[in-house]
Amino acid sequence: MSAYYYFFKMRILTTLAYRFEVFTAVASNAVMLLATVFLWKAAYRGIGSVQEVSQHQMIVYAILSVVMGAVLSVNVQDDMYYRVREGHIATDFIKPVQLLGMFLAEDLGTTVSALVNRAVPLILLASILFTPPLPVSLTAFLLFVPSLMLSFLLLWLMGAIVGMISFWVLELGNLGIVKDAIVRILSGSLIPIWFFPDWMGTVSAYLPFQYMYQTPLSIYIGKITHSQAGTALAIQAAWIAVLAFIAYAVWQRAKRVTLIQGG
Amino acid sequence: MVTAIRYHVSVAYFFAKLAVQRQLEYPLFLVSWFLMIPLQYISGVWVLKLMVEQFQALAGWTFPQLAFLYGLGLLSHGLSVIFFIQTWHIDNMVIRGDFDRMLLRPMNVFFQFVVNYVNFIGIIDLIPGFLIFFYGCAQVGFEWTLVNVLKLAAVVIGGMFIRASICTIMGSAAFWTKRSGSLISLTLATMERTTMYPLSVYPKVIQLALTFILPIGFISFYPATDFIGQEDGFTLPVGLAIWTPIVGIVTFAVSHFIFQSGLKRYESAGS
Numbered sequence: 001m002s003a004y005y006y007f008f009k010m011r012i013l014t015t016l017a018y019r020f021e022v023f024t025a026v027a028s029n030a031v032m033l034l035a036t037v038f039l040w041k042a043a044y045r046g047i048g049s050v051q052e053v054s055q056h057q058m059i060v061y062a063i064l065s066v067v068m069g070a071v072l073s074v075n076v077q078d079d080m081y082y083r084v085r086e087g088h089i090a091t092d093f094i095k096p097v098q099l100l101g102m103f104l105a106e107d108l109g110t111t112v113s114a115l116v117n118r119a120v121p122l123i124l125l126a127s128i129l130f131t132p133p134l135p136v137s138l139t140a141f142l143l144f145v146p147s148l149m150l151s152f153l154l155l156w157l158m159g160a161i162v163g164m165i166s167f168w169v170l171e172l173g174n175l176g177i178v179k180d181a182i183v184r185i186l187s188g189s190l191i192p193i194w195f196f197p198d199w200m201g202t203v204s205a206y207l208p209f210q211y212m213y214q215t216p217l218s219i220y221i222g223k224i225t226h227s228q229a230g231t232a233l234a235i236q237a238a239w240i241a242v243l244a245f246i247a248y249a250v251w252q253r254a255k256r257v258t259l260i261q262g263g
Numbered sequence: 264m265v266t267a268i269r270y271h272v273s274v275a276y277f278f279a280k281l282a283v284q285r286q287l288e289y290p291l292f293l294v295s296w297f298l299m300i301p302l303q304y305i306s307g308v309w310v311l312k313l314m315v316e317q318f319q320a321l322a323g324w325t326f327p328q329l330a331f332l333y334g335l336g337l338l339s340h341g342l343s344v345i346f347f348i349q350t351w352h353i354d355n356m357v358i359r360g361d362f363d364r365m366l367l368r369p370m371n372v373f374f375q376f377v378v379n380y381v382n383f384i385g386i387i388d389l390i391p392g393f394l395i396f397f398y399g400c401a402q403v404g405f406e407w408t409l410v411n412v413l414k415l416a417a418v419v420i421g422g423m424f425i426r427a428s429i430c431t432i433m434g435s436a437a438f439w440t441k442r443s444g445s446l447i448s449l450t451l452a453t454m455e456r457t458t459m460y461p462l463s464v465y466p467k468v469i470q471l472a473l474t475f476i477l478p479i480g481f482i483s484f485y486p487a488t489d490f491i492g493q494e495d496g497f498t499l500p501v502g503l504a505i506w507t508p509i510v511g512i513v514t515f516a517v518s519h520f521i522f523q524s525g526l527k528r529y530e531s532a533g534s
């Protein structure tokens, strides 16, 4: 366990080392924040509420969505791709740790440091410029926290599965970007699914994506009731089980493929 | 004078030929971009459509008008990706010492830098741009008169120069700091967000900044208001669309100046 804690800690320290990078990354997120919130404000101009969501709720949703995007950083697919391509993966397998555990510990490290150096400045900025993004109630917040953690796991597993493809193709190209684009649209991070046409909403309910962003955000702004939130948490957990199973199965095969390639 | 121009053109042509040949080496890579880029832009415009359906209009803009604006912005974006993608990577060139070679050649370094690469793959960025733009044109009833076509060409090329200049200016920071990668991503993110929606979505302060400090408004917003006849934001004399190529030339001159002063600080890095 201490080995994983070490990876976790190291990642926090390295992400904090590059101050200028942190500053510009936050600035990029701030641009997204401003653009999204002003867009929603323009859309809501002269309109009370749409789909039972008020302008205030939508703005909180948009702010939190940008913050989530900044915090839940999943590098596993790029890390895996890089280590396979550069051949580091061979020595990684010799290390006395579970590789997936190492990747997870590192991504948790990035996320924890992002909570401090990204979420805090973004929430401050949003509070000054627009409105403090407060949850609709304390219960909602208490339900939001576990849902957010489940979201992280979902995003991470998805990234890990895509990253494992590099064991076969070696050149991942922009598969990662394709995945990110799909997640951005179907997760509700850009625009909530309730604005989609009905049939797409139905399809989306059976896909894992909307449980990555929309579920925790809807709980936070009170778009769904507490009992619905309970169901949503259960669905998140179920999807984690499914994706974890797929990831495990693919990983077992991936290991074998690497061995065949040899030195 | 004529021989000098002919010489520069032939050098540019050979650089372009080499660059295209290099990229055709990896056809599979090309295909994957071919899937990716259109997906991104079509979904972007589709989100706008969803919003307009729910909210009637966006800051007074209907969906066809938004598509026209978005498409117009994508056209100059596509061109800048084809001809000026190297302006995104000045920091790499500084760190790898790529300017050494250019400094040794008896030719203006900025010119070499500009023509040094043609990103053939960028054509894929243009395709969704054309699709969205022509859709917007048909819907808003854009008149294809000779004057309009000439104006359009001037706007798209001017927009390309504005984009390239802003990236060159930001990227030139690498001459001093050695890194500007994240600064470039910030710039690109800002340009994407501010050219795809009407500028009038933003408060006056931001509109002013994007007009006079970082003239992003001239890439697509002001010319689009001119073409569509939307009364929005500022009114300048002699038609807003005409300003785009003028601003393009001015910013390009500024970026040339900043690049040159950066180059004086250049110390060929590495071994």
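Respectively, the protein sequence lines represent chains S and H.
Mapping to this note's numbering: the first sequence position 249 is 249, numbers consecutive.
Each position in the second sequence, counted from 1, maps to that position plus 263 in this note's numbering.
Even for Gly, the Cβ is constructed at its ideal location relative to N, Cα and C.
Original post:
If you drop the 5 nearest sequence neighbours on each side, which residues of the same chain put their C-beta closer than 7 Å to that of S:Ile12?
Top reply: These residues qualify, in order along the chain: Gly109, Val112, Ser113.
Original post:
Going along the chain, which residues of its own chain have a beta-carbon closer than 6 Å to the beta-carbon of H:Ala504, five neighbours each way excluded?
Top reply: Same-chain partners within the cutoff: Lys414, Val418, Pro486, Asp489.
**OP:** Could you have a look at S:Ser227 and say whether DSSP puts it in helix, strand or coil?
**Re:** helix
Original post:
Would the beta-carbon of H:Phe373 fall within 7 Å of that of H:His271?
Top reply: Not in contact: H:Phe373 and H:His271 (Cβ atoms no closer than 7 Å).
Subject >> Limits of the alpha helix (DSSP H) - the one that S:Pro197 falls within >> reply: Here S:Pro197 belongs to no alpha helix (DSSP H), and DSSP marks it neither H nor E.
Original post:
Going by DSSP, what residues sit across from H:Leu218 in a beta bridge?
Top reply: The question about residue 218 of chain H has no answer, for chain H in this structure spans 264 to 534.
Subject >> Contact check, S:Asp92 vs S:Leu100, beta carbons under 7 Å >> reply: no
Subject >> Proximal residues of chain H, C-beta to C-beta of S:Thr24 below 7 Å >> reply: Ser445, Leu446, Leu449
Original post:
Do H:Ser483 and H:Gly336 have their C-beta atoms within less than 7 Å of each other?
Top reply: yes
**OP:** Determine the contact status of H:Ile353 and H:Gly434, defining contact as a CB-CB distance below 7 Å.
**Re:** yes
**OP:** Could you tell me which of H:Ile512, H:Tyr380, H:Ala401 sits nearest to H:Val283, measuring between CA atoms?
**Re:** H:Tyr380
Subject >> Partners in chain C for S:Ile47, counting only beta-carbon separations shorter than 7 Å >> reply: In summary, chain C is missing from the structure at hand, where the protein chains are S and H.
Subject >> Residue from S:Met164, S:Val120, S:Ile63 whose Cα sits closest to the Cα of S:Asn256 >> reply: The amino acid occupying residue 256 of chain S in the given sequence is Arg; Asn does not appear at that position. Of the candidates S:Met164, S:Val120, S:Ile63, the one whose C-alpha sits nearest the C-alpha of S:Arg256 is S:Met164.
**OP:** Please work out which residues of its chain come closer than 7 Å, Cβ to Cβ, to H:Val308, disregarding the five sequence neighbours upstream and downstream, and give them in chain order.
**Re:** Ala330, Tyr333, Ile395
**OP:** Note down, in chain order, all residues in the stretch 177-208 of chain S with a beta-carbon under 7 Å from any beta-carbon belonging to chain H.
**Re:** Of all residues in the stretch 177-208 of chain S, Ile177, Val178, Ala181, Ile185, Leu190, Ile191, Phe195, Phe196 have a Cβ within less than 7 Å of some Cβ in chain H.
Original post:
Can you name, in chain order, every residue of its own chain whose Cβ lies under 8 Å from the Cβ of S:Gly263, other than the five neighbours on each side?
Top reply: Low per-residue confidence applies at S:Gly263: pLDDT is 46, beneath 50, and the placement is therefore not dependable, though the value from the model is reported in the following sentence. Correct list, in chain order: Ala90.
Original post:
Going along the chain, which residues of its own chain have a beta-carbon closer than 7 Å to the beta-carbon of H:Gly444, five neighbours each way excluded?
Top reply: Asp354
Subject >> Residue of S:His56, S:Leu148, S:Leu72, S:Asp180 minimising C-alpha distance to S:Thr131 >> reply: The candidate whose alpha carbon is nearest that of S:Thr131 is S:His56.
**OP:** Output the distance between the C-alpha atoms of H:Asn371 and H:Arg285, rounded to the nearest integer angstrom.
**Re:** Between H:Asn371 and H:Arg285, the C-alpha separation is close to 24 Å.
Original post:
Closest Cβ-Cβ distance between S:Glu52 and chain H: below 7 Å?
Top reply: False, the Cβ-Cβ gap to chain H never drops below 7 Å.
Original post:
In its own chain, which residues sit with a C-beta less than 7 Å from the C-beta of S:Ala3, not counting the 5 before and 5 after it?
Top reply: Val97
Original post:
Based on Cα-Cα distance, which residue from S:Val162, S:Ala30, S:Leu143, S:Pro146 lies nearest to S:Ala247?
Top reply: Closest option to S:Ala247, Cα to Cα, is S:Val162.
**OP:** Report the residue ranges of all alpha helix (DSSP H) runs contained in full by the stretch 10-55 of chain S; include only those spanning at least 4 residues, in chain order.
**Re:** 19-44
Original post:
Cα-Cα, which of H:Val378, H:Pro327, H:Pro301, H:Tyr304 is closest to H:Val538?
Top reply: This structure does not reach residue 538 of chain H, given that chain H is present from 264 up to 534, and the question cannot be answered.
**OP:** If I'm right that S:Val136 touches S:Gly222 with Cβ under 8 Å, what's the distance once you round it to whole angstroms?
**Re:** 3 Å
**OP:** Anything in chain H within Cβ reach of S:Ile39, meaning under 7 Å, just list it in chain order.
**Re:** First, the amino acid is wrong: residue 39 of chain S is Leu here, not Ile. Near S:Leu39 (Cβ distances below 7 Å), the residues of chain H are Tyr460, Val464.
Original post:
In three-state DSSP terms, what is S:Gly263?
Top reply: Confidence at S:Gly263 is low in this model, with a pLDDT of 46, below 50, so the placement of that residue should be treated as unreliable; the coordinate-derived value is given next. Of the three classes helix, strand and coil, the one that applies to S:Gly263 here is coil, per DSSP.
Original post:
Ends of the alpha helix (DSSP H) at H:Ile353?
Top reply: 353-359
Original post:
Under 7 Å between the Cβ atoms of S:Thr24 and H:Leu449?
Top reply: yes
Subject >> Residue closest to H:Val536, alpha-carbon to alpha-carbon, out of H:Arg269, H:Arg442, H:Gly480 >> reply: Nothing can be reported for residue 536 of chain H, as the shown portion of chain H is limited to 264 through 534.
Subject >> H:Val381 - DSSP class collapsed to helix/strand/coil >> reply: coil
**OP:** Would you verify that the beta carbon of S:Glu86 is, or is not, closer than 7 Å to some beta carbon of chain H?
**Re:** Answer no: the Cβ-Cβ gap between S:Glu86 and chain H never drops below 7 Å.
**OP:** Under 8 Å between beta-carbons, which chain H residues line up against S:Val31? List them in chain order, please.
**Re:** Leu449, Ala452, Thr453, Arg456
Original post:
Between the stretch 319-334 of chain H and chain S, which residues of the former have CB atoms less than 7 Å from a CB of the latter, in chain order?
Top reply: Residues of the stretch 319-334 of chain H whose Cβ lies closer than 7 Å to any Cβ of chain S, in chain order: Leu321, Ala322.
Subject >> CA-to-CA distance, H:Val357 to H:Ser531, given in whole angstroms >> reply: 7 Å
Original post:
Going by C-alpha distance, which of S:Ile94, S:Ala244, S:Tyr81 is nearest S:Pro208?
Top reply: The shortest C-alpha separation from S:Pro208 is found at S:Ala244.
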